[in-house]
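Numbering (mature numbering (1 follows the signal peptide of the UniProt record, and there is no 0)), first residue to last: -27 to -1, 1 to 94. To start, the structure itself, in structure tokens.
Listed below in structure tokens is the structure:
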């Protein structure tokens, strides 16, 4: 797979996640309860402010944790193994699993990290 093709896939994945977030007011969401997993992707135990988008695939879930970007990365490596692809895009850690069908994006902020999970199929 070429670098350009990979970058295009990443930009599409980031665009989809950001589009879901932009329409959060219209989404079927639940910010009071965080599940333990989302389409077989685990959530860190300190997950809060969870918001899920779409009942069918493709679907995404966003949540916040007080954990650092490195702590979240280590959690997912321990839970899922090393990502097939991993890179930093605009300060966000992007981890791709299952040939890019599962994407985890970890965005650091001053109080922890926001995690966006995208599952395509």
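C-beta: ideal position from N, C-alpha, C; glycine also. Fair warning: this is a prediction, and the values are worked out from it, not measured in the lab.
(message) Please list the terminal residues of the continuous beta strand (DSSP E) segment that includes residue 44.
(response) Element bounds for residue 44: not the beta strand (DSSP E) but the alpha helix (DSSP H), 42 to 53.
(message) For residue 21, tell me which candidate among 29, 33, 39, 11 has the shortest Cα-Cα distance.
(response) 39
(request) Locate the beta strand (DSSP E) running through residue 80, then write down its first and last residues. (result) 75 to 82
(message) Given a cut-off of 8 Å on the beta-carbon distance, is the pair residue 87 and residue 37 in contact?
(response) yes
(request) Would you please state the rounded distance, in angstroms, between the beta carbons of residue 74 and residue 94? I believe it to be under 8 Å. (result) 5 Å
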